[in-house]
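See structure below.
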Amino acid sequence: MSLSVAEAPSRRRTRVDGVLVAVTYCPSGSPVGLVGRLTDGSSEVDLVWLGRREIPGITPGRRLVAEGVVHSGGLRPTIYNPAYRLLREDP
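Residue numbers for the sequence shown follow this note's numbering, so the first one is 2 and each next one is one higher.
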C-alpha cells in the first residue's frame, strides 16, 4: 500500500506513487545521477538514481510507484536508488 508523499515518514522504507513532473541529470563535476521529481498532489519527493545517466521509461509525465528509504533535510524529501514500477499509461 502506498502512502501519500506528504505522509511519507523520514528514515523509513516507504512506497509512494505519482507522476514525474521533472527529470534532470546531475551537473558535470558531481557524481553521475538521474533525478526525477515525483508528485501525487499532496507534496513532492526527489527520486535519485546514482550512477545512471538515463533509465528507459523515466520521463516527465510518467506515472510510477517508487519504494525506498525517505531522507529529509534538503529542498524536498529524497529517495536514493528507489525500486520502481512504471504504471500503465492511459491511451
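Glycine included, C-beta positions come from ideal geometry on N, C-alpha and C. Quantities reported herein were computed from a predicted structural model and do not represent experimental measurements.
Secondary structure of residue i, DSSP reduced to three states
{"i": "Glu-90", "result": "coil"}
{"i": "Glu-45", "result": "strand"}
{"i": "Ala-7", "result": "helix"}
{"i": "Leu-65", "result": "strand"}
{"i": "Ile-56", "result": "coil"}
{"i": "Arg-14", "result": "strand"}
Cβ shell of residue i (< 6 Å), same chain only, five flanking positions each side left out
{"i": "Gly-69", "result": "Ile-80 and Pro-83"}
{"i": "Leu-87", "result": "Gly-58 and Leu-65"}
Contact set for residue i: own chain, Cβ-Cβ below 8 Å, skip 5 residues either direction
{"i": "Thr-15", "result": "Leu-4, Ala-9, Glu-68, Gly-69, Val-70, Val-71 and Ile-80"}
Beta carbon of residue i nearer than 8 Å to that of residue j
{"i": "Leu-51", "j": "Leu-39", "result": "no"}
{"i": "Arg-63", "j": "Leu-35", "result": "no"}
{"i": "Arg-77", "j": "Glu-55", "result": "no"}
Bridge partners - residue i, DSSP secondary structure assignment
{"i": "Val-34", "result": "A small correction: the amino acid at residue 34 is Gly; Val does not occupy that position in the sequence shown. According to DSSP, which records beta bridges pairwise, Gly-34 is partnered with Leu-51."}
{"i": "Leu-39", "result": "Leu-21 and Val-46"}
Same chain, Cβ closer than 7 Å to residue i, five either side skipped, listed in chain order
{"i": "Asp-41", "result": "Ser-5, Val-6, Val-17, Asp-18 and Gly-19"}
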